[in-house]
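In the numbering used here, the protein residues as written are 1496 to 1845.
Ideal placement from N, C-alpha and C gives every residue a C-beta, glycine not left out.
Everything on this sheet refers to the single structure shown next.
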Amino acid sequence: MIKSLHKRNSELANSQRQLEILSNGIFQSGELPKFKDKIAETGQFPLKAKKLEILQINVGYMCNQVCEHCHVDAGPDRKEIMTRETMQQCLEVIKNTGAHTLDLTGGAPEMNPDFRWFVEEALKIGVKDFIVRSNLTIIRANKKYYDLPEFFKKHNVHIMSSMPHWTKGKTDKQRGNGVFDKSIKALQELNAVGYGMPDSNLRLDLVYNPSGAFLPGNQASMEKDFKKALMDDFGINFHNLFTITNLPISRFLDYLIASENYEDYMYALVEAYNPQTVKNVMCTNTLSVSWDGYLYDCDFNQMLNLPVNSKVKHISDYNEELLEGRTIMISQHCYGCTAGAGSSCQGSVA
Ligand code: SF4
Ligand code: SF4
């Protein structure tokens, strides 16, 4: 198992260092345009937040996996965990906002000791779409998680899970030895309780991100390939596949630099820039809450420690009017959201 950047004392564990890399070199010399200049070409700078639709809450960076490309730098050694007090502040906001989607992420959100309590409390409020980003293997990681499929079913949460490929080799390379077999077993268990079945309202979606320094293929055709392979090989059903572009931050940035792919990858992102995607990038309708309650335009900005550009900085001071219309904090990592068909936590955006 690889170690997190934090555990390795890597210079990239420092978000400031990541931002320097993203602003220097080919972007400082003008070889490639900065993201703000690129979106200004079509009059889309500054990028502004619209009405809040999705509240994404990161309940902690602890994870049972240490995937090669993790933008959170999550792993078993990360101890940042949201407290029940901060969860309570989130619940107050959920009660009072018109956001239709609540999106719980991590790390492995299930590892937060108050995860089940939070799911139950949030559901009492009544959210239209309640997403839990489950890495699947957590369901098989320890006896105390074996009943998660039943728990998810009981509360009708929407499961979104990463699955970088339908083959063991590619999946294990990116996510760690043994991850593929455990993920398959977990998917079969989710299917057994009704998740992902053709007419079931128990939603099970998969998320694909490339296993190297390249952009994802077409979402619809990849979904077809995944569905066929997982059904033929393992009898697995799921609803939709969402493709996500790897953003050049954290462990993926580390991978790009170590494999000497950083510049080529940034060229590929800039060349694939699609101005049509800018109006729909997820920061325009999403707010990301960190484990300690601070607010960010997205989970990526959270990891780069780029807080919202607003008087309101913390969930305890939440004020929808003050946050709406704020200027989004951007840097060159944002090219990852606007390449090709665009990319967000809900897949392509074009
Ligand atoms: S990508 Fe997901 S499953 Fe993998 S280490 Fe990061 S948070 Fe954990
Ligand atoms: S990285 Fe975040 S801030 Fe930048 S475009 Fe994507 S969602 Fe918006």
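- If you look at residue 1591, you'll find it in the alpha helix (DSSP H) that goes 1579-1591.
- Pairing residue 1515 with residue 1669 gives a Cβ-Cβ distance that is not under 7 Å.
- In this structure, residue 1577 keeps its C-beta atom at 7 Å or more from the C-beta atom of residue 1602.
- Going by DSSP, residue 1635 is part of the alpha helix (DSSP H) stretching over 1633-1636.
- In the DSSP annotation of this structure, the continuous segment of the beta strand (DSSP E) that includes residue 1737 starts and ends at 1736-1738.
- In this structure, the CA atom of residue 1824 is about 14 Å from the CA atom of residue 1510.
- CA-CA distance, residue 1722 to residue 1807, rounds to 43 Å.
- Between residue 1530 and residue 1757, the CB-CB gap reaches or exceeds 7 Å.
- Between residue 1740 and residue 1836, the C-beta gap is not smaller than 7 Å, which leaves the two residues out of contact.
- Excluding residues up to 5 positions away in sequence, 1625, 1627 lie with their Cβ nearer than 6 Å to the Cβ of residue 1652 in the same chain.
- Residue burial is scored here from C-beta neighbours: residue 1746 has at least 16 other C-beta atoms within 10 angstroms and is therefore classed as buried.
- By the Cβ rule, the segment 1501-1510 counts as touching the segment 1568-1584, because three or more pairs are nearer than 8 Å.
- The continuous stretches of alpha helix (DSSP H) do not include residue 1597, which lies in the beta strand (DSSP E) extending over residues 1596-1600.
- The nearest non-hydrogen atom of ligand 2 is 6 Å or more from the C-beta of residue 1812.
- Apart from the 5 residues on each side of it in sequence, residue 1623 sits with its Cβ closer than 8 Å to the Cβ of 1595, 1596 in its chain, given in chain order.
- Taking residue 1715 as the centre and dropping the five residues before and after it, the same chain places no C-beta closer than 7 Å to its C-beta.
- Taking non-hydrogen atoms of ligand 2 into account, the C-beta of residue 1585 is found less than 6 Å away from none of them.
- Partner residues in the beta bridge of residue 1781, as assigned by DSSP, are 1549.
- Contact annotation, residue 1551 with residue 1783: C-beta distance approximately 5 Å; criterion of less than 8 Å satisfied.
- A distance below 6 Å between beta-carbons, with the five flanking residues on each side excluded, links residue 1636 to the following residues of its chain, in chain order: 1559.
- DSSP places residue 1831 in the helix class (H, G or I) of the three-state scheme.
- Counting only runs of at least 4 residues, the segment 1653-1714 fully encloses the following alpha helix (DSSP H) elements, listed from N- to C-terminal order: 1663-1670, 1674-1687.
- In terms of CA proximity to residue 1729, 1682 leads the group 1682, 1698, 1707.
- Put simply, the backbone Cα of residue 1544 is about 19 Å away from that of residue 1798.
- If you draw a straight line from the Cα of residue 1839 to the Cα of residue 1638, it is about 33 Å long.
- In chain order, 1714, 1738, 1836, 1837 place their CB closer than 7 Å to the CB of residue 1843, counting only its own chain and leaving out the 5 sequence neighbours on each side.
- When the beta-carbon positions are compared, residue 1618 and residue 1644 stay at least 7 Å from each other.
- Per the C-alpha coordinates, the member of 1743, 1770, 1774 positioned closest to residue 1795 is 1743.
- In its chain, beyond the 5 residues on either side, 1653, 1734 have a beta carbon closer than 6 Å to the beta carbon of residue 1698.
- Between residue 1701 and residue 1658, the beta carbon gap of about 4 Å places them in contact (Cβ cut-off 8 Å).
- Closer than 6 Å to some heavy atom of ligand 1: that does not describe the Cβ of residue 1551.
- Apart from the 5 residues on each side of it in sequence, residue 1802 sits with its Cβ closer than 7 Å to the Cβ of 1789, 1790, 1791, 1808 in its chain, given in chain order.
- No Cβ-Cβ contact shorter than 7 Å links residue 1616 with residue 1633.
- When DSSP assignments are scanned along the segment 1742-1787, the uninterrupted stretches of alpha helix (DSSP H) that are 4 or more residues long and fall wholly within it turn out to be 1745-1753, 1757-1766.
- The alpha-carbon separation between residue 1736 and residue 1805 amounts to approximately 34 Å.
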